[in-house]
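To start, the structure under review is shown below, and the notes come after it.
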Amino acid sequence: MRAVYSISVSLFLVLLCLALPLHADPIDIIGSGGWQTTNSGQIGGSGGLYFDNPSGDPPGLDLNLAEYLFSEGYLSFNAFYWGDASGGFDSSMLFNVPSGSITLTILTEIASQKNNNVFGWFELSGGIPVLHPLFLGPDGAGATVQFAPTSPFGFYLSSQGDTFYSVASLSTSDTGFQHFAVMTGNPGSSTFYLGVEDSISTASDRDFNDFVVKVTVPEPATLVLLLVALATVSFGTRRSWARNT
Ligand SMILES: [Ca+2]
Ligand SMILES: [Ca+2]
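Using my numbering, the first residue of the sequence shown is number 21, and each one after it goes up by one.
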């Protein structure tokens, strides 16, 4: 009888999981854009994508965000970026992630202000951003941090008295211009890359390599639930079979 009860509960869990959106992406971007594919013809400083512009950094470091991620092997061609299909940005990006902590690791900062720039996440309280700094000026490549944001949340970067938000309408300068770019090898994976342009768009190279972080997010809970439920069914069935033989 207990075995029947156990199997019934397990089957209920499986059905519940199947009813939930199993294929929800680990990170859900709230904005007007979508995941778009890149290809070799779009990358290379041609300006075809809003973050793919010729970098003004010194020779050897003059790789924009996409060029940097490709050359270092973090991504390969036919990766994805968040924006519109013609290469333009989504001016307002907020993020939802499954519960659990997110891990950020600085990959590089190719910027004259790298020892002064402050990066963090923000939440909105009555439309006003509440800032939570994560990396201060001295933090550089290899620095890592874990945090558990309140979803939905955004990212910000403060540089030279300006603060740029992933909701560009909030930015203190260059308002409306998106200073953040998100790329991934697979929107269903748990790894994303974020690049930031730290200067106003009319006076910068728009290379988005000024602050580059790797973002690792938890797997969607529904998948974990399903695996637990399936394991429970298997265990209950085996116990029931063992008791009846
Ligand atoms: Ca730049
Ligand atoms: Ca730069």
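We treat Cβ as the ideally placed atom computed from N, Cα and C, and that holds for glycine.
query	result
Taking any heavy atom of ligand 2 as the mark, which residues have a C-beta closer than 5 Å to it, listed down the chain?	Asp77, Ile130, Ala131, Asp227, Asn229, Asp230
Quick check: the segment 100-109 against the segment 126-146, are there 3 or more CB pairs under 8 Å?	no
If I follow the unbroken beta strand (DSSP E) through Tyr88, where does it start and stop?	From DSSP, Tyr88 is part of no beta strand (DSSP E) but of the alpha helix (DSSP H) over 85-91.
Below 7 Å, is the gap between the Cβ of Ser224 and the nearest heavy atom of ligand 1?	yes
Does at least one heavy atom of ligand 3 sit under 7 Å from the Cβ of Glu217?	Of the ligands one can find in the structure shown, namely ligand 1 and ligand 2, none is ligand 3.
For Ala201, does the three-state DSSP call read helix, strand or coil?	strand
Taking the beta carbon of Ala223 as the centre, do at least 16 other beta carbons fall within 10 Å, making it buried, or is it exposed?	exposed
In three-state terms, what does DSSP make of Trp261?	Bear in mind that the predicted position of Trp261 carries a pLDDT of just 49, short of 50, making it too unreliable to give a figure here.
Excluding sequence positions up to five away, which residues of its chain have a Cβ less than 7 Å from the Cβ of Asn98?	Thr57, Thr58, Asn59
Taking C-alpha atoms, which residue in Asp225, Ser219, Asn206 lies nearest to Leu95?	Asn206
For the segment 43-52 and the segment 113-125, state whether three or more C-beta atom pairs, one from each stretch, are separated by less than 8 Å.	yes
Label Ala180 either buried or exposed according to how many other C-beta atoms from any shown protein chain fall within 10 Å of its C-beta, with 16 as the threshold for buried.	The identity of residue 180 in the sequence shown is Gln, whereas the question assumes Ala. With fewer than 16 Cβ atoms within 10 Å of its Cβ, Gln180 is classed as exposed.
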